[in-house]
Amino acid sequence: MTTVRRWTEQDAPDRERLPWWWDATHYAIDIRLFADSDGDGIGDLDGLRNRLGYLELIGIDALWLTGVAMTGVGPNVGDPRQAAAILESFELLTAAAHDCDLRVTLDIGADISDLRQPRAQQELVRTLRFWTDRGVDGFRLALSRRGGITGEHAPNGLDLETSRAIRAALADESDRLIGSLVEEQQSSRGVWDVDFNRSLAETEFEAGSIRETISKELTACREFGTRPGWIVSGRSTPRQVTRYGGGALGRARAQAMSLVLLALPGVVCVDSGEELGLPEVVEDDNRAGELLGARVPMPWEGEKPPYGFSDSPTSCLPVPEDWWQLTVEAQLESAESTLSLYRQELELKRAARAGSGAEEGIDAEGLFDEDTVEWYGAPSGCLAFRRGVGGVICALNTSENQVPLPPGEPLLSSAPLVDGQLPPNSAAWLSAN
1 MTTVRRWTEQ DAPDRERLPW WWDATHYAID IRLFADSDGD GIGDLDGLRN RLGYLELIGI
61 DALWLTGVAM TGVGPNVGDP RQAAAILESF ELLTAAAHDC DLRVTLDIGA DISDLRQPRA
121 QQELVRTLRF WTDRGVDGFR LALSRRGGIT GEHAPNGLDL ETSRAIRAAL ADESDRLIGS
181 LVEEQQSSRG VWDVDFNRSL AETEFEAGSI RETISKELTA CREFGTRPGW IVSGRSTPRQ
241 VTRYGGGALG RARAQAMSLV LLALPGVVCV DSGEELGLPE VVEDDNRAGE LLGARVPMPW
301 EGEKPPYGFS DSPTSCLPVP EDWWQLTVEA QLESAESTLS LYRQELELKR AARAGSGAEE
361 GIDAEGLFDE DTVEWYGAPS GCLAFRRGVG GVICALNTSE NQVPLPPGEP LLSSAPLVDG
421 QLPPNSAAWL SAN
């Protein structure tokens with residue numbers, strides 16, 4: 001019998017006993033596009049390990065890795081010597097991440113149809129244990145349908161019995177995060193620790209729609225006794241900057257949504273590059289292989305591509321010539337950058353968790369403790385909510401006009417606040433104290 005962790009509006013969590021992932025901010029990384037250590041133009045595990053200092057700097061809690069070989073969502077490896085080298089690099093990465101107080105979660109691919117068979121379930125459990133032995137702290141099951149089966153008879157996620165069987169076999173791994181990407185009406189909701197849901201990634205920048213999406217997911221998670229996992233972009237959905245209109249408008253809206261996202265209870269997933277406000281890159285039919293899509297290598301520093309991603313002058317995918325202002329280096333030097341905003345948000349959340357102030361004059365204690373979301377009345381095109389009693393207040397303005405802020409002391413905003421007004425396409429955090 002599987003015990004399901006339940007959380008309700010009435011039950012305030014005991015913060016001292018919560019699992020590490022309860023309110024963790026995950027940073028999703030496609031290994032191949034993050035950092036190249038050997039000059040072949042393709043990102044690798046050692047390249048990521050060399051950049052862990054950056055992840056410490058921005059204040060995330062865990063790495064969420066995809067594209068790792070031998071996981072079912074990365075390249076296959078037939079040469080045992082190559083496999084051994086990859087595993088050695090992986091173990092070095094997890095050890096270094098743990099030294100930086102960062103957890104490591106991993107995408108594991110599995111076929112839904114196969115997992116209905118006990119032998120396949122046992123193989124999945126063995127796979128998960130293989131990776132936990134190498135330092136992995138949690139997993140997201142990336143479930144697929146064999147042969148691209150679609151239609152009314154296609155399995156919509158794992159059935160409840162199969163999910164429970166897998167979860168029960170991992171009962172002694174209760175401190176490990178095990179989540180799955182869920183769709184509406186998926187029958188196994190409530191078995192896994194976290195329901196990763198991309199509904200916000202498919203919601204327009206309109207306050208009423210955003211509120212409806214958030215309310216629906218929070219209600220479902222309460223009903224099923226699982227933790228919400230918020231995803232606002234990924235390989236299957238456009239980056240926020242592009243989806244919200246592109247250019248300065250799209251970037252302003254994406255910055256505003258970061259404040260909404262990080263104010264919500266649950267696990268938050270930030271796609272690498274979102275903290276830089278990167279846009280989509282138009283697809284090119286000549287881009288081949290597994291890296292098709294609108295993601296390109298991470299821009300780190302310098303004024304010319306590939307911006308420190310690789311020592312090679314060319315990378316696996318071309319990086320735009322005009323991204324020099326979007327590099328990590330450039331944004332660290334600007335207090336008004338998207339990166340600076342993310343750092344301030346995550347610093348405040350970490351300070352709240354530690355029961356201290358993020359900076360002089362700000363008391364962060366208790367801002368993010370409670371799991372309830374209390375909605376305020378708000379002008380048309382706006383939303384506002386508070387985390388529990390006395391928690392952080394988040395206000396979002398998706399309209400074309402400035403609106404009055406809710407009562408409270410401003411803590412952080414995505415645009416300058418003047419005379420107590422929240423500008424269009426912006427958001428703010430306030431303290432009720």
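So the sequence shown is numbered by full-length UniProt numbering: it starts at 1 and just counts up by one. For each residue, glycine too, the CB sits at the ideal point set by N, CA and C.
In the DSSP assignment, Trp64 falls within the beta strand (DSSP E) that extends over 62–66.
Ser380 sits exposed, since fewer than 16 C-beta atoms from the chains shown fall within 10 Å of its C-beta. Within a 10 Å sphere around the beta-carbon of Thr162 sit 16 or more other beta-carbons, which makes this residue buried. Here DSSP, grouped into helix, strand and coil, assigns Val104 to strand. Straight through space, the alpha carbons of Arg126 and Thr132 are spaced by roughly 10 angstroms. Here the C-alpha atom of Gly39 lies approximately 35 angstroms from the C-alpha atom of Tyr244. Proximity of the region 259–276 to the region 331–350 meets the contact definition, three or more beta-carbon pairs being nearer than 8 angstroms.
Secondary structure within the region 388–428: the beta strand (DSSP E) runs of 3 or more consecutive residues, fully enclosed, are 393–397, 409–413 (chain order). With 16 or more neighbouring CB atoms inside 10 Å of its own CB, Gly366 falls in the buried class. The region 191–207 makes no contact with the region 38–54: fewer than 3 CB pairs, one atom from each, lie closer than 8 angstroms. For the pair Met298 and Ala96, the CB atoms are not nearer than the 9 angstroms cut-off. Under the three-state reduction of DSSP, Val319 is assigned to coil, being neither helix nor strand.
Three or more beta-carbon pairs separated by less than 8 angstroms are not found between the region 303–310 and the region 222–239, which leaves the two stretches without contact.
Distance from the CA atom of Ala364 to the CA atom of Leu383, rounded to whole angstroms, is 22 angstroms.
Taking 9 angstroms as the cut-off, the Cβ atoms of Ile210 and Thr203 count as close.
At the C-beta level, Leu405 and Leu422 come within 9 angstroms of one another. Scanning its chain for C-beta atoms nearer than 8 angstroms, with the 5 sequence neighbours on each side dropped, one finds around Glu91 the residues Arg134, Gly135, in chain order.
For the pair Leu87 and Phe130, the Cα-to-Cα distance works out to about 11 angstroms.
When DSSP assignments are scanned along the region 220–283, the uninterrupted stretches of alpha helix (DSSP H) that are 4 or more residues long and fall wholly within it turn out to be 240–243, 247–263. For the options Tyr54, Ser399, Thr66, the alpha carbon positioned closest to that of Ala142 is the one of Thr66.
Within the same chain, Cβ atoms closer than 8 angstroms to the Cβ of Ser334 are found at Ser340, the five residues on either side in sequence being excluded. Here Trp375 carries a strand assignment [DSSP, helix/strand/coil]. Looking at the backbone, the Cα of Val403 and that of Phe205 are separated by about 17 angstroms. Apart from sequence neighbours up to five positions away, the residues of its chain that approach Pro320 with a beta-carbon distance below 7 angstroms are Val281, ordered along the chain.
When only Cα atoms are considered, Val418 and Ile108 end up about 48 angstroms apart. With a cutoff of 9 angstroms on beta-carbon distance, Met70 and Ala84 are scored as not near each other. From the listed residues Gly308, Ser426, Ser315, Val268, the smallest Cα separation to Trp20 is found for Val268. Take the alpha-carbon of Leu18 and the one of Thr314: they are about 45 angstroms apart. With at least 16 other beta carbons inside 10 angstroms of its own, Trp22 counts as buried. Ile42 sits in coil when the DSSP states are folded into three classes, being neither helix nor strand.
About 7 angstroms separates the beta carbon of Arg387 from that of Val373, a gap short enough to meet the 8 angstroms contact definition.
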